[in-house]
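Novice:
Residue numbers (the numbering used here): 26 to 406.
Spelled out as structure tokens, the structure:
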């Protein structure tokens, strides 16, 4: 209730959503109590069945009876407000209660008694869904433009956009709005494919010309494991659910994009392993170069491992290659270290100082490399 004693939109939405979930006579009694508390009188044109009679009904018939009692009033009182609130709360979750899922469940319950009939509420909902899809399209198109810039892809923004679209798709699934759902699926998949393609281009630039600039761009992509997973998972989910029609002669675009990205990551892993192997155990190599290569190998393994078992074969091959690379670099590190043992550090003047520090205050050259290698080995076990 509001301060003035008027029911809130959240209270109306809770009642409507509860109508859609009624299964038992006890549920029916709870719905009637909610309606009385609001207050929402039953439809005067209908006959209110006693609870002991409803107890003999099937759950679907109980819901139908209660919707016939309370649905018409709820359609008129809160249907349009719920549609408007759905747009507002998806655009800004801080817009207030009810949340997007509760709002969608309430609208789905009200729509269920009409079936596929064209009603004012259905028309209002179609307008709402069209606005949500258009908003998602504008956001996606903006990010697609950014992908065409020379800079590396903004994976954080893209991943958040994919997640926003997934949130709206969840709402449309609750509403059973298949047309809007298909449109949003297409947008999210297209954005995900373009993102993987652009990420692969950034990585290939480093493979073809390994300098500090391309290394920085490649690290910026590979290190964003969570964002890459969000993008790749959208395509894996689409493949699992058959969102793109598969034929005997044509590989689905989603699968092709994933497999091409996997091939690029395999090539990157080979290059990183060569860099790490050449630097292994050598104090005369810039520590950051070896550490960067080892950390990127670890990021690649985290990405592969978290993709799950349904990933394309390129990623399973990559996992195996990464294990091999990690143990090969470790063997090289210990071999070089055994042949050229580092000089023992001078005793520290301050007993509380770091024992890995040299007299000049800097870290021993191989300490950071050893830690990065240990982290990689722990990851690939």
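Glycine included, each C-beta is placed from N, C-alpha and C at the ideal position.
Keep in mind the model is a prediction, meaning the values are calculated, not measured.
Verify whether the separation of the beta carbon atoms of residue 401 and residue 328 is less than 9 Å.
Specialist: It is not a contact, given that the beta carbons lie outside the stated cut-off.
Novice: How big is the Cα-Cα spacing for residue 78 and residue 205?
Specialist: Distance between the alpha carbons of residue 78 and residue 205: 40 Å.
Novice: At what residue ranges does the stretch 99-174 contain a whole run of the beta strand (DSSP E), taking only runs of 3 or more?
Specialist: Entirely contained in the stretch 99-174, not one beta strand (DSSP E) run reaches 3 residues.
Novice: Over the uninterrupted alpha helix (DSSP H) stretch that includes residue 279, give me the two end residues.
Specialist: Run containing residue 279: 278-304, per the alpha helix (DSSP H) assignment.
Novice: Between which two residues does the alpha helix (DSSP H) harbouring residue 34 extend?
Specialist: Note, residue 34: alpha helix (DSSP H), 34-46.
Novice: Out of curiosity, what's the CA-to-CA distance linking residue 397 and residue 222?
Specialist: So the alpha carbons of these two residues sit roughly 29 Å apart.
Novice: Contact between the stretch 299-308 and the stretch 349-358 is defined here as three or more beta-carbon pairs at a separation below 8 Å; is this criterion met?
Specialist: Flag = yes, the stretch 299-308 and the stretch 349-358 touch.
Novice: Using the three-state DSSP reduction, which class does residue 389 fall into: helix, strand or coil?
Specialist: Of the three classes helix, strand and coil, the one that applies to residue 389 here is coil, per DSSP.
Novice: Return the chain-ordered list of same chain residues with a C-beta closer than 6 Å to the C-beta of residue 68, the five sequence neighbours on each side being excluded.
Specialist: Cβ neighbours of residue 68 beyond the five flanking positions: 94 and 97.
Novice: Return helix, strand or coil for residue 311, following the three-state DSSP convention.
Specialist: DSSP places residue 311 in coil when its eight states are reduced to three.
Novice: With burial defined as no fewer than 16 other Cβ atoms inside 10 Å of the residue's Cβ, what is the status of residue 55: buried or exposed?
Specialist: Under this definition residue 55 is an exposed residue.
Novice: Taking Cβ to Cβ, would you say residue 339 is nearer than 9 Å to residue 290?
Specialist: For residue 339 and residue 290, yes; Cβs fall inside 9 Å.
Novice: If we count the other Cβ atoms within 10 Å of its Cβ and call it buried at 16 or more, is residue 270 buried or exposed?
Specialist: Answer is exposed; the Cβ neighbour count stays below 16.
Novice: At the level of alpha carbons, what is the spacing between residue 111 and residue 82?
Specialist: So the alpha carbons of these two residues sit roughly 33 Å apart.
Novice: So, at 8 Å on beta carbons, what are the nonlocal neighbours of residue 332 in its own chain, with the 5 sequence-adjacent residues on each side left out?
Specialist: For residue 332, where only same-chain residues beyond five positions count, the Cβ hits under 8 Å are 254, 257, 258, 261 and 340.
Novice: Decide if residue 48 is buried, meaning its Cβ has at least 16 other Cβ atoms within 10 Å, or exposed.
Specialist: Exposed, because fewer than 16 other Cβ atoms sit within 10 Å of the Cβ of residue 48.
Novice: To which residues of the same chain is residue 114 closer than 6 Å at the C-beta, ignoring the five residues directly before and after it?
Specialist: Counting only Cβ-Cβ distances below 6 Å, and skipping sequence neighbours, we find 120 and 125.
Novice: Using C-beta distances below 7 Å, list every residue in its chain close to residue 42, excluding the 5 sequence neighbours before and after it, in chain order.
Specialist: Excluding sequence neighbours, residue 42 sits near 127, 130, 131 and 134.
Novice: Once you ignore the five residues that flank residue 366 on each side, which residues in its own chain have a CB closer than 7 Å to its CB?
Specialist: Contacts found: none.
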